[in-house]
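Inspection log for the structure reproduced underneath, given as structure tokens.
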Ligand SMILES: Nc1ncnc2c1ncn2[C@@H]1O[C@H](COP(=O)(O)OP(=O)(O)O)[C@@H](O)[C@H]1O
Ligand SMILES: [Mg+2]
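Residue numbers (this note's numbering): 1200 to 1547.
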């Protein structure tokens, strides 16, 4: 295969196009965009609302559950609530970006005049694979400020001295009534994250923000620590995905719950697992579960989830994790501390 001068996407497409005929499937089996799926579930919350204000939100295909979190965000975004907004933190794939987008789509009309979505990371994982977010990406704090300035028709502010820029943009936002969604801020250096939170704490009253991060940060806003998707919502997601998956269609409720538990209620992992069904050695649900346990590094979504997380770990966390890999059952903190050469508090 001629692989020189190919982008990673072209490279992946080529491989997938070769793989499909080997498995007796049409060439575009893995590469064609998602087929239309029949809506099946009764738990799906309101159909996708139509936003009438200008926005650049990425589209989300399906969304289930998370009603408690949506309510917390709605409260925080209400003009009556005195906070700059919400920080959603949690592991990769747990649904932070989807939740932020769905919450933004659901704001009552008249709350904001515009919604601006910016991400500090280039890739977004969807059930169909990775999607590049080139039009939204802002690699640093100042880029983020500049993008906000440009978006609100104040491009001259991008030339202001760095020390005054945040202040000028805050002034410019005074009449803007904007909702800012700042996604994946764990990709910014800590110092820039602090500058960003400082900026947000000065937002004028009509403006709010939703920020997502994989890292826990204590900020002066509502904080949602996003954990597993509710079981009913996960089952609804599986019902939605089964249209394309004979193996999943045959799976009993017990199998589905098993799958849910095995993936720790992480919707990305759940979608990815379903994507593995019927491929290669994955002929039964048990195969798929075994694969999930084994997968770790060789597989893209897991690397996406865990690889990136590793990058955001501190040295102490990496050491503790390395120490943990020596054990197969529960152990005491002081043993980890001893192995990793850390204090007991650091290991904790
Ligand atoms: N509430 C939900 N209902 C259905 N699918 C979801 C939900 N939350 C997340 N997903 C799916 O899980 C995957 C990961 O979600 P994402 O929002 O990108 O997670 P994160 O931002 O935490 O990494 C996406 O494919 C998304 O469609
Ligand atoms: Mg995300």
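Each residue gets a CB set at the ideal place from its N, CA and C atoms; glycine is no exception.
Remember, predicted model here, so these are calculated numbers, not experimental data.
Cβ-based burial, residue i [other Cβ within 10 Å; buried from 16]
| i | result |
| --- | --- |
| residue 1223 | exposed |
| residue 1217 | exposed |
| residue 1280 | exposed |
| residue 1226 | exposed |
| residue 1239 | Note that residue 1239 has pLDDT 43, beneath the 50 cutoff, so the model's placement of it is unreliable and no number is given. |
| residue 1362 | exposed |
| residue 1258 | exposed |
| residue 1445 | exposed |
| residue 1221 | exposed |
| residue 1288 | buried |
| residue 1439 | buried |
| residue 1382 | buried |
| residue 1460 | exposed |
| residue 1308 | exposed |
| residue 1411 | buried |
| residue 1482 | exposed |
| residue 1470 | buried |
| residue 1301 | buried |
| residue 1455 | buried |
Heavy atom of ligand 3 within 6 Å of residue i beta-carbon
| i | result |
| --- | --- |
| residue 1296 | Among the ligands in the structure shown, ligand 3 does not appear; only ligand 1 and ligand 2 can be found there. |
Cβ-heavy atom distance, residue i to ligand 1, below 6 Å
| i | result |
| --- | --- |
| residue 1293 | yes |
| residue 1316 | no |
| residue 1264 | yes |
| residue 1470 | yes |
| residue 1306 | no |
| residue 1257 | no |
| residue 1467 | yes |
| residue 1436 | yes |
| residue 1418 | no |
| residue 1261 | yes |
Integer-rounded CB distance, given that residue j should sit under 8 Å from residue i
| i | j | result |
| --- | --- | --- |
| residue 1437 | residue 1447 | 7 Å |
| residue 1296 | residue 1421 | 17 Å between Cβ atoms; not a contact. |
| residue 1394 | residue 1371 | Residue 1394 to residue 1371, Cβ: 18 Å. No contact. |
| residue 1312 | residue 1254 | Not really, about 10 Å apart at Cβ, beyond 8 Å. |
| residue 1347 | residue 1368 | 6 Å |
| residue 1458 | residue 1484 | 7 Å |
| residue 1305 | residue 1256 | So it is not a contact: roughly 11 Å between Cβ atoms. |
| residue 1416 | residue 1286 | 7 Å |
| residue 1373 | residue 1338 | Their Cβ separation, rounded to whole angstroms, is 27 Å, which puts residue 1373 and residue 1338 out of contact at 8 Å. |
| residue 1273 | residue 1378 | Their Cβ separation, rounded to whole angstroms, is 12 Å, which puts residue 1273 and residue 1378 out of contact at 8 Å. |
| residue 1413 | residue 1291 | 6 Å |
| residue 1398 | residue 1365 | 5 Å |
Query raised in the report: Would you say the stretch 1310–1322 touches the stretch 1339–1348, given that touching needs at least three Cβ pairs under 8 Å?
Result: yes
Query raised in the report: Is there contact here, the stretch 1353–1363 with the stretch 1445–1461, by at least three beta-carbon pairs under 8 Å?
Result: no
Requested in this report: Give a yes or no on contact between the stretch 1419–1427 and the stretch 1454–1465, applying the rule of three or more CB pairs nearer than 8 Å.
Outcome: yes
Requested in this report: Inspect the CB distances between the stretch 1266–1283 and the stretch 1397–1413 and report whether three or more fall short of 8 Å.
Outcome: yes
Report task. Please list the segments of the beta strand (DSSP E) lying wholly inside the stretch 1322–1395, counting only runs of 3 or more residues, in order along the chain. Result -> 1322–1325, 1328–1331 and 1377–1382
Query raised in the report: Three or more C-beta pairs closer than 8 Å, one from the stretch 1261–1269 and one from the stretch 1381–1399: is that the case here?
Result: no
**Report entry** Sequence ranges, alpha helix (DSSP H) only - wholly within the stretch 1401–1460, length at least 4
**Finding:** 1430–1440 and 1445–1449
Query raised in the report: In the stretch 1239–1303, which residue ranges form an unbroken alpha helix (DSSP H) of at least 4 residues, counting only runs that do not cross its ends?
Result: 1266–1276
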